[in-house]
Ligand SMILES: Cc1ncc(COP(=O)(O)O)c(C=O)c1O
């Protein structure tokens, strides 16, 4: 069995003809396409009016890929903590008018944005929504990405596309980006992502666990990070544009939500597994299913050996030089988090098998008894 963390493109999708416009889900006229989330953030930060000292408040629980665009735009990054439910904790921070505040919808779990927006409005702060893990849910009245002065998305995390980021500009006091990006058939990074997607599709279909091979190859071939937008100003690949125009958004979003609910129902009550987000708020389109365990590294290793692409976010990519004693919520998430796949390609049998593998792995880890699970149990 092989359960990848990201959704997989189907050959029908690649071969289908274009449907609606590719940015329909993001509102269209105020949305711009880039090669990655970080490229969209860079373009957005460049639009912010400058006056004072250029400071941006970011959560301590964040990956370091956001630092280069922030620093390139001359912003000083200051940290705030998050709660156990991933909400921003602003009590301890002292922003000044003109500062920017970045809020993350971790794992596609929609943060309550009304209080955040009121906080920023009262102090004259620019609000940036980091929707890199998220998607707007057209069936909900809460649309992530519509609250911030700026919002950005990273498409490859939720959708079966090789690359892509979206910038949304919601404020009339901010200008609009130019959209003169070079159109490419595929950048080398996108090409590599396409090959990975093909390998994932074959392995998923055939039930081959390719994670040990991928883990062994990673130190040799490196990680598949998007190109540095500071040195490589390309737009998204034309493959991404094509796929965006023919995806069935509504059904893939519903399927993710359904898979989240199913996994939640099975994992609830398993000793050794805590469920920090037992009830995703309205507007959430879960990217993954976050659980808390006492030793995520070892549980992840065992699940990967079974074919489940579980990982701890952001793992070694956490912002550098953080004193975690100052950020209790961040420290807890960093110490205990493990993310499980729940994307739209997974059927009930995958969810059930994964939940049983988790139960068995944790049971064995904690010295409890658990029934062995094999692929033949399905
Ligand atoms: C929370 C968050 N924001 C932004 C990004 C950047 O997105 P991308 O990898 O598409 O540049 C990432 C991923 O690296 C992320 O996890």
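In our numbering, the protein residues as written are 130 to 507. Idealized CB from N, CA, C, for every residue including glycine.
Item: Alpha-carbon to alpha-carbon, residue 160 and residue 295; Value: 6 Å
Item: Proximity test, residue 195 beta-carbon vs ligand 3 heavy atom, cut-off 7 Å; Value: Absence of ligand 3 is noted for the structure shown, with ligand 1 being the only ligands found.
Item: Proximity below 8 Å, CB of residue 252 to CB of residue 276; Value: no
Item: Residue(s) in a DSSP beta bridge with residue 163; Value: 294
Item: Cα-Cα separation, residue 255 to residue 204; Value: 13 Å
Item: Proximity of residue 261 and residue 283 at Cβ, strictly below 8 Å; Value: yes
Item: Residues bridged to residue 260 [DSSP beta-bridge criterion]; Value: 282
Item: Simplified DSSP assignment, three categories, for residue 356; Value: coil
Item: C-beta atoms of residue 414 and residue 491 nearer than 8 Å; Value: no
Item: Where residue 250 falls, given that 16 or more other Cβ within 10 Å makes a residue buried; Value: exposed
Item: Helix, strand or coil at residue 442 [DSSP, three-state]; Value: coil
Item: Run of the alpha helix (DSSP H) containing residue 390, from where it starts to where it stops; Value: 378 to 396
Item: Exposure of residue 394, with buried meaning 16 or more beta-carbon neighbours within 10 Å; Value: exposed
Item: First and last residue of the uninterrupted alpha helix (DSSP H) at residue 433; Value: 425 to 435
Item: Environment of residue 86 [buried if 16+ CB atoms lie within 10 Å]; Value: The structure shown does not extend to residue 86, since the chain is modelled only from 130 through 507, so no value can be given for it.
Item: Reference residue 233, options 443, 164 and 472, closest by Cα; Value: 443
Item: Residue environment, residue 175, which counts as buried when at least 16 other CB atoms sit within 10 Å; Value: exposed
Item: C-beta atoms of residue 178 and residue 302 nearer than 8 Å; Value: yes
Item: Validate contact between the region 361 to 369 and the region 441 to 455 using beta carbons, cut 8 Å, 3 pairs; Value: no
Item: Residue 355 beta carbon near ligand 1 (any heavy atom closer than 7 Å); Value: yes
Item: Alpha-carbon spacing of residue 136 relative to residue 180, whole angstroms; Value: 42 Å
Item: Presumed contact (8 Å Cβ cut-off) between residue 412 and residue 266, rounded CB distance; Value: 6 Å
Item: Residue 166: CB within 7 Å of a non-hydrogen atom of ligand 1; Value: yes
Item: Which residues DSSP lists as bridging residue 468, in chain order; Value: 419 and 440
Item: Opposing strand residues paired with residue 186 [DSSP bridges]; Value: 207 and 230
Item: Nearest-angstrom beta carbon gap, residue 447 and residue 392 [assumed within contact, 8 Å]; Value: The Cβ separation is near 25 Å, so there is no contact.
Item: Cβ neighbour criterion (16 or more within 10 Å) applied to residue 293; Value: buried
Item: Status (buried if at least 16 other CB within 10 Å, exposed otherwise) for residue 259; Value: buried
Item: Alpha helix (DSSP H) segment containing residue 272, residue limits; Value: Here residue 272 belongs to no alpha helix (DSSP H), and DSSP marks it neither H nor E.
Item: Status (buried if at least 16 other CB within 10 Å, exposed otherwise) for residue 488; Value: buried
Item: Straight-line Cα distance separating residue 193 from residue 440; Value: 17 Å
Item: Residues bridged to residue 403 (per DSSP); Value: 421
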